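>
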Amino acid sequence: MNLKKLGNTEVFIPEIGLGTWNYKGGVEPLRAGIKLGASLIDTAEGYYTEDIVGEAVRSFRDEVIIATKVSGRNLAHDSVIKSCEASLEKLGTDCIDLYQIHWPNPLYPIEGTMRALEKLVDRGCVSYVGVSNFSARQMSEAQRYFPNYPIVSNQVLYNLNSRDIEKELLPYCLDNEVTVMAYTPLDNGRLCRPGDGILSEIAAETGKTEAQVALNWCVCQENVIVIPKADSVVKTVENCGASGWRLSPEQLRMLDEGF
Ligand SMILES: NC(=O)c1ccc[n+]([C@@H]2O[C@H](COP(=O)([O-])OP(=O)(O)OC[C@H]3O[C@@H](n4cnc5c(N)ncnc54)[C@H](OP(=O)(O)O)[C@@H]3O)[C@@H](O)[C@H]2O)c1
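In terms of this note's numbering, the numbers along the sequence shown are unbroken and rise by one, the last being 1223.
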């Protein structure tokens, strides 16, 4: 499993993590992924999967990076603190490795949200703070109200069919040493299906599957990691096989042109 730096920290994270939105696989797929080096699990208070994540990692908590999120409706200062306490309880841990703001919400001034997050880091309840679904402008505003720590990641939609972030957000994150955590990297399974298109052509050429090619395409970007969700051990193992090799520049060019 290839590792990448988390933001501008000295922490290294796997380029393939494990998503858990709508996750119904129990502990085994998560444990199989972790065994293969996919030791970052993404969850959220809004997914109702924090308890299964906590259960899956209980006996080797220190080997895993847990990323969870506070919901957009809980961004008032005191609600952030309460949400974090509830997440710690459900995850069965005393520290969240990466705590992310799930969605920006104009109803709550970002200043109060960031002040709460700073308190949580100061108290040792959270190691690093990230955001999700933030534009470059929203990131830079949030960072202004969080002067003592870096915002290390932004979790956003990114896959071969959804490339909006390439215009502004991806370059901003690269310039500011922010990790991009690509969600829905398989386009909800649509990029896993064999067919007669360029994805299947390159899968045949590389001896990999369509899903592995689609994930590898994302992580070919220097600061991007992916968090595919899979309910089975077989698919999880397959997705972990998207790391440890690279598409060639010519294959990347063909995919860029074909999508
Ligand atoms: N921050 C946000 O706002 C946000 C939004 C969406 C998602 N996310 C995060 O990103 C994670 C991933 O995104 P996602 O769940 O939307 O979509 P995804 O990972 O692109 O796709 C998941 C779908 O692909 C299928 N799949 C996975 N691996 C496969 C394989 N190797 N072969 C065939 N099918 C495969 C899964 O099947 P099975 O499940 O049946 O195995 C599932 O139906 C989420 O779980 C969540 O953690 C975050």
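Virtual Cβ for every residue (Gly too), placed ideally from N, Cα, C.
Model, not experiment: these values are computed from the prediction.
(1) What distance in whole Å lies between the Cβ atoms of Ala-1168 and Ala-1156, which are believed to be in contact at a cut-off of 8 Å?
(2) Using three-state DSSP, classify Ser-1099 as helix, strand or coil.
(3) Using only alpha-carbon positions, find the residue among Glu-1165, Asn-1203 and Pro-1114 that is nearest to Leu-1216.
(4) With C-beta atoms as the reference, is Ser-1035 less than 7 Å away from Gln-1064?
(5) Sort Ile-1029, Gln-1107 and Ala-1100 by Cα distance to Pro-978 and report the nearest one.
(6) Drop a sphere of 10 angstroms on the beta-carbon of Asn-1118, count the other beta-carbons inside from all chains shown, and report buried for 16 or more, exposed for fewer.
(7) Compare the C-alpha of Val-1085 against each of Ile-1115, Ala-1040 and Ala-1100 and name the closest.
(8) Please report how far the alpha carbon of Ile-1005 lies from the alpha carbon of Lys-1172, in whole angstroms.
(9) Looking at the structure shown, is Leu-1004 part of a helix, part of a strand, or coil, going by DSSP?
(10) Does DSSP put Pro-1213 in a helix, in a strand, or in coil?
(11) What are the complete beta strand (DSSP E) segments, minimum 3 residues, inside the region 1023 to 1054?
(12) Could you tell me whether the region 1129 to 1139 touches the region 980 to 998, where touching means 3 or more Cβ pairs closer than 8 Å?
(13) Would Pro-1192 be called buried (16 or more neighbouring beta carbons within 10 Å of its own) or exposed?
In this structure, then:
(1) Going by the sequence as given, residue 1156 is Cys instead of Ala. In fact, because the Cβ distance is near 15 Å, the residues do not count as touching under 8 Å.
(2) DSSP, reduced to helix, strand and coil, places Ser-1099 outside both helices and strands of the structure shown, so it counts as coil.
(3) Glu-1165
(4) Not closer than 7 Å, so no.
(5) Ile-1029
(6) Buried: at least 16 other Cβ atoms inside 10 Å.
(7) Ile-1115
(8) 24 Å
(9) strand
(10) helix
(11) 1029 to 1034
(12) no
(13) Looking at its Cβ environment, which holds 16 or more other Cβ atoms inside 10 Å, Pro-1192 is buried.
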